[in-house]
């Protein structure tokens, strides 16, 4: 079995106040796929992501990561396999310096100090932020914070990368860099986003959520190009697909 | 951002204290545990003097001065922070001059009431202890200090609380600042908030902070957090650190047992005490 597999079957979730967030969500993501989760605000994207590493317990249905069913007991295994980049980097960066923040995960995994240092250096290098390692995270720009947040996850050497709105709050150049970075990864990637141009550039497959249900699942270009489908679910056809010429 | 209801300027200054903590000076190189023990002993000894004591306390100024000068900490920076905390000490000592009018010191025809002496003593102790604590943080950095306290056996819960308080103070202050700006932009130039608006504002800030705390906790769990903050480098307690601790403790003991200021005065003037 591949460690890089994510399979969700008939997942249902309702928040404690009774709001139903997910209805019978099912899909299967294979090794190395880059999949976008798109949908209007409140469609259930973030709730779904929180199920993938067991942060929210499954109420009904099942989530499989690698070859383990994610439960309260196996959540630790899922968290080792899945690197999750949260929407707000300030939630993720809490150590006094960038280097220590990147080291947080590997140290928790019990790696020896020299190996941790190597992991930190490699991860920061990978996102182009090696020069920031001694800086306190709260002094960084939004783009730098995002890159460092990705490095904190890369340092744990996950098989699968899960990201919630990775391009939110980034300026065009930082966003461009992020897109290049995401394209360069060989990991299985699950990206929840409203940035449909990013989807066109990075993802080969799109899953559309609306009202907690999967309403479409297929090749990115086919789905994003379907104007009626996109409009019906609060989305739009990406501009870049309207033209054949690059600009 | 500066000023404002929450004193954001002061919070940003805490960041400055952190920058100072990263300097590399003889004082910064002393183990965090050694410095923490010395400052704790300093505070206990200074607080243990009887309430009318002033002259015997003065030699203790040597300790914060040593920290600040050897650690190359700008005095102005520490002084400003002491001023920020000063109102607390003022309130504590405020009633002493009113309640305690018994004269205990005489300068020729003038007498000074005991209340004023104890008030001055409170202010002196306050300046010394707060100054020493701030100098400790500036010479160590809060993170290394936290790690040191952990190594000394302070319960992990407290250390982790301290570090997180420090980290998210900035975030919550920013959030508060943004909310205040939002209010200011829609309050048509009025500078005071009604109690109702203020209550709602504080309530929202609390709820947002709770939400944030939950998201942070999730992010930590996602990276394998088990309740223990691990540090990359654990510093070793060297011989020079022992010397540092023993030297200061000996000085504190001597200065507590004898009035060194008076002794020095006698020595210089050749007079009897």
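Protein chains in written order, with the working numbering: chain A, -10 to 236; chain Z, 2 to 274.
Backbone N, C-alpha and C fix where the C-beta goes; we use that ideal spot for every residue, glycine too.
Between residue 137/A and residue 126/A, the gap from beta carbon to beta carbon is short of 9 Å.
Under the three-state reduction of DSSP, residue 15/A is assigned to strand. By the C-beta criterion, the region 63 to 75 of chain A is judged not to be in contact with the region 115 to 126 of chain A, since fewer than 3 inter-stretch pairs fall below 8 Å. Contact annotation, residue 91/A with residue 112/A: C-beta distance approximately 6 Å; criterion of less than 8 Å satisfied.
For residue 48/Z, the enclosing alpha helix (DSSP H) has its first and last residue at 33 to 48.
The beta carbons of residue 170/A and residue 74/A sit no closer together than 9 Å. Taking a Cβ-Cβ cut-off of 8 Å, the neighbours of residue 73/A in chain Z comprise 220, 223, given in sequence order.
The continuous beta strand (DSSP E) containing residue 198/A extends over residues 194 to 199. The beta carbon of residue 145/A sits closer than 9 Å to some beta carbon of chain Z. Note on geometry: alpha-carbon atoms of residue 47/Z and residue 228/Z lie some 36 Å from one another. For residue 18/Z, the closest Cβ of chain A is not nearer than 9 Å. Under the 9 Å criterion on CB atoms, residue 116/A is classed as non-interfacial with respect to chain Z.
Under the criterion of beta carbons closer than 8 Å, residue 94/A and residue 198/A do not qualify as touching, at roughly 29 Å. Nearest to residue 183/A by alpha-carbon distance, out of 50/A, 21/A, 34/A, is 34/A. Not a single C-beta of chain Z is nearer than 9 Å to the C-beta of residue 112/A. Three or more beta-carbon pairs separated by less than 8 Å link the region 8 to 24 of chain A to the region 190 to 204 of chain A, which places the two stretches in contact.
Rounded to the nearest angstrom, the gap between the Cα atoms of residue 97/Z and residue 113/Z is 12 Å. Within 10 angstroms of the beta-carbon of residue 192/A lie 16 or more other beta-carbons, which makes it buried. A direct Cα-to-Cα measurement between residue 144/A and residue 104/A gives close to 10 Å. Excluding residues up to 5 positions away in sequence, 178, 191, 192, 193 lie with their Cβ nearer than 6 Å to the Cβ of residue 23/A in the same chain. If you check the CB distance, residue -3/A and residue 37/A come in under 9 Å. With fewer than 16 neighbouring CB atoms inside 10 Å of its own CB, residue 25/Z falls in the exposed class. Contact check for residue 21/Z against residue 139/Z passes: the beta carbons are separated by less than 9 Å.
Interface residue (Cβ-Cβ distance to chain A less than 9 Å): residue 159/Z is not classified as such.
Rounded to the nearest whole angstrom, the C-alpha separation of residue 143/Z and residue 137/Z is 9 Å. For residue 38/Z, the CB contacts under 6 Å within the same chain, skipping 5 residues up- and downstream, are 246 in chain order. At a cut-off of 3 residues, the continuous stretches assigned as beta strand (DSSP E) that sit fully inside the region 55 to 122 of chain Z are 104 to 108, 111 to 114.
Looking only at 262/Z, 93/Z, 268/Z, the smallest Cα-Cα distance to residue 59/Z is reached by 262/Z. The residue among 84/A, 77/A, 159/A, 139/A with its C-alpha nearest the C-alpha of residue 147/Z is 84/A.
About 10 Å separates the CB atoms of residue 132/Z and residue 74/Z; that is not less than 8 Å, and the two are not in contact.
A straight-line Cα-Cα distance of about 13 Å links residue 168/Z and residue 18/Z. Under DSSP, the beta-bridge partners assigned to residue -2/A are 51/A.
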